[in-house]
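Beneath this line is the structure, given in C-alpha cells, with notes to follow.
Residue numbers (the working numbering), protein chains in the order written: chain A, 23 to 369; chain B, 11 to 249.
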C-alpha cells in the first residue's frame, strides 16, 4: 500500500510536469500491490515498530513532538543501520536498497503503515507524528540501539531535514555520481532559476553560467563505472551535450530560462528515474535479490524511455538554438574544464 | 555517372578529431565541393554518441592526471602516465569491449598531445593542458551539429530513416545478414539504400566508409544486393 501511496504522491507531484515519463515508468513499478511485501513478515515488522517509536524519543530536549516525513524515517533508520555495523539483528531486520529518494526499505514502509493504521502514528500534512497518548514512554530498546540513534540523528533537524538527507547521499552513496547529480547539479539549477525568478541575479551574474557547467562536468566525470550503466552513461553524455548547449544559449539569449527549466525537468524526471531503476539492481541488501526478475526488465524499459527522451530533448534544444550554433573553438564560454581545474588548483 | 555521397559514422567522426588517423582524408572527403553529401539520423546519433564518449573518456582521464600531477616528475612521466592509463581503464571501464573502445580513444589522443601534456604538467601549467584538450573535443562535438542536420542547406543533409522504412527491405536485410555479422552496419547500409530509393532519384549513392572488415571487404556482395549503392574508401576515386 505504501509503495502505491508513494506512486500516488509521485503522480500528484508530477501532474504539471514537462513530460510524463516518470509517471509512465512508475506506473509499471506497482503492478503486484501488496504481494510485493511478502518479505516484510509480521514478525519482522513487529521488531521494526519499536525502532521507529524510539526515533521519536531522540533529542526530545531540543525538539518537542517533532515528526518525520516517510522519506526522513527511511533515512533515519538507514543511518541507524550504518551506525551499528556489528549489530546483526539491526542489519537483518532493516534491509535497504537505493532508489529514487535514496536508501529505501520496504520493511520500514510497511511498519510505518501498520503504526498509522493502529493509531500509533498520526499523519499531518505528509508528516508522521507519534501519538503520545498511545506511546507515553520510551520503548525498551537495547542500549546499543539507543546510542546508535543518538549518533545517527545528531545532525537531524526536523524543521529542515535537507542537510541531513544530503549528508546521507554524500557519505553513503555507492557512487559519487549520485550526490554530484541528485544533490549538487539539481540544486545548482534550482538555485539559479530561483535567483532569476526573485530578481536576485544581475546581468553579469546571469551571463556567468560557469557554475552550471562545472556542475554537469563533475557529473560526467563521475559516471558509475559499472557495466550495468554502460548505456545509461552514453545517454547521460548526450544529455550533458544538450545541457551545455542550453547553458551557453542561456548566457546569450534565453533570459527567461525556459530551456533551463526543461533541463531541470529532464534531469529530475527522466535521467534520475532511469538511474534509480538501475541502482537498486546493483545496490540492495540480499533479501531483495528475488526482485531482480522484475527490476531488470523495468530498468531496460526505463533506458528505452530515456533514449527516446534524450533524442526528443536534443531535437527540442537544437530547434530553438539552431541559429546560434557555431563551432566554439575560441569561445570562452566553452572552457569549463579549465575553469574547474583552475578552481581545484587554487584551493 | 551522377552520384551523391553517403557518409558512414567513421567519416563523420574522423573528420572532426584532429588526432584521428583518418582526419585528413576524412576532411578532404567531407569538404569536397559540388557533390551532394548525405547521411542518416542513425549515423548522426552513432557519431554523436562516439564523440561524447571521446569527451567523457578524455576529461575523466585528464581530471585524474591533473588531480595527481604532483606525483609526476621528468624522470618518471612517461612510465607514470602509462601505468595511470592502464589502471584508469581497468577501473573505469570493467567491460572488456568498452575498455578497448576507451583505449582506442586515449591512445591516439596521447600520441598527439602527450608531449604538450608533459610540458604543461611539468611546468605546473595544468590549465594550458586542459584548454588544449577541451578546445579539440568541444570543437569536434559542436561542428557535428553545425554541419549535419535535416535540411537541404546543411553541409551534410541528414535523413530520418525509421524502422518502418527499413521493413520494406526485409529480403535485402536477410541477404546482408548472410555476409555481414554486425547488425548496426546492416541497418546503416539499408539507410543508404532507402535514401537511394526515395531521395536521390537517378543518382547512385556512394557509401563512404573506412570500415574495412565489415563493409569494404564485402563491397562486391553489398553492391549486388543493394543495387545503386557503391562502397568506397575515402582514399579511392568516388565512382
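We put the beta carbon where it would ideally sit given N, CA and C, even for glycine.
Asked                                                                                                                                          : Found
Span of the alpha helix (DSSP H), counted from its first residue to its last, around residue 170 of chain A                                    : 165-174
Near-chain A residues of the stretch 37-66 of chain B (beta-carbon distance less than 9 angstroms), N- to C-terminal order                     : 51, 55, 58, 59, 61, 62, 63, 65, 66
Beta carbon proximity, residue 234 of chain A to chain B, threshold 7 angstroms                                                                : no
Whole-number beta carbon distance between residue 199 of chain A and residue 245 of chain A, since they are thought to touch under 8 angstroms : 6 angstroms
For residue 253 of chain B, the three-state DSSP class (helix, strand or coil)                                                                 : With chain B represented from 11 up to 249, any question about residue 253 of chain B goes unanswered, as that position is not in the structure.
Secondary structure of residue 17 of chain B, DSSP reduced to three states                                                                     : strand
Straight-line gap, residue 120 of chain B to residue 259 of chain A (C-alpha atoms, nearest Å)                                                 : 22 angstroms
Reduced DSSP category for residue 152 of chain A - H, G, I as helix; E, B as strand; rest coil                                                 : strand
Own chain partners of residue 197 of chain A with C-beta closer than 6 angstroms, once the 5 adjacent residues on each side are dropped        : 246
Bridge-paired residues (DSSP) for residue 205 of chain A                                                                                       : Paired residue(s): none; residue 205 of chain A is not in a bridge.
Stretch-stretch touch, CB-based, cutoff 8 angstroms, three pairs: the stretch 275-294 of chain A with the stretch 335-343 of chain A           : yes
Segment limits, alpha helix (DSSP H) that includes residue 129 of chain A                                                                      : 128-139
Strand pairing of residue 119 of chain A, partner residues [DSSP]                                                                              : A/126, A/306
Same chain, Cβ closer than 8 angstroms to residue 190 of chain A, neighbours up to 5 away in sequence not counted                              : 97, 100, 101, 124, 125
Integer Cβ distance of residue 132 of chain A from residue 67 of chain A, believed to fall under 8 angstroms                                   : 6 angstroms
Distance, residue 113 of chain B Cα to residue 159 of chain B Cα                                                                               : 30 angstroms
Residue 235 of chain B versus residue 30 of chain B: straight-line alpha-carbon distance, rounded                                              : 32 angstroms
Member of A/105, A/104, A/172, A/90 whose CA lies at the smallest distance from the CA of residue 147 of chain A                               : A/90
Short CB-CB distance (under 7 angstroms) between residue 3 of chain B and chain A                                                              : An answer regarding residue 3 of chain B cannot be provided, because it is not within the stretch 11 to 249 covered by chain B.
Continuous alpha helix (DSSP H) stretch holding residue 143 of chain A: start and end                                                          : Per DSSP, residue 143 of chain A belongs to no alpha helix (DSSP H); it is in the beta strand (DSSP E), 143-146.
Residue 242 of chain B: first and last residue of the uninterrupted beta strand (DSSP E) it sits in                                            : 239-242
Below-7 angstroms beta-carbon distance, residue 329 of chain A vs any chain B residue                                                          : no
Whole-Å CB distance - residue 154 of chain B paired with residue 58 of chain B, under 8 angstroms assumed                                      : 6 angstroms
Inter-residue CB distance, residue 183 of chain A and residue 241 of chain A (contact presumed, cutoff 8 angstroms)                            : Actually they are not in contact, since the Cβ atoms of residue 183 of chain A and residue 241 of chain A sit about 24 angstroms apart, beyond 8 angstroms.
Bridge partner(s) assigned by DSSP for residue 217 of chain B                                                                                  : B/16, B/241
Unbroken beta strand (DSSP E) run spanning residue 47 of chain B, endpoints                                                                    : 47-50
Beta carbon of residue 231 of chain A nearer than 7 angstroms to that of residue 272 of chain A                                                : yes
beta-carbon residue 54 of chain B near the ligand GDP non-hydrogen atom, thresh 6 angstroms                                                    : The ligand GDP is not part of the structure shown, which contains no ligands of any sort.
Straight-line Cα distance separating residue 187 of chain A from residue 27 of chain B                                                         : 43 angstroms
CB of residue 213 of chain B within 7 angstroms of CB of residue 12 of chain B, strictly                                                       : yes
contact_flag[the stretch 50-69 of chain B, the stretch 250-264 of chain A] where n(CB pairs < 8 angstroms) is 3 or more                        : yes
Inter-residue spacing [alpha-carbon to alpha-carbon] between residue 48 of chain B and residue 193 of chain B                                  : 21 angstroms
Residues near residue 204 of chain A by beta carbon distance below 7 angstroms, same chain, minus five either side                             : 191, 294
Within 7 angstroms, strictly: CB atoms of residue 178 of chain A and residue 76 of chain A                                                     : no
Cα-Cα separation, residue 129 of chain B to residue 151 of chain B                                                                             : 26 angstroms
Cutoff 8 angstroms; reference residue 34 of chain B; Cβ partners in own chain excluding five residues on either side                           : none
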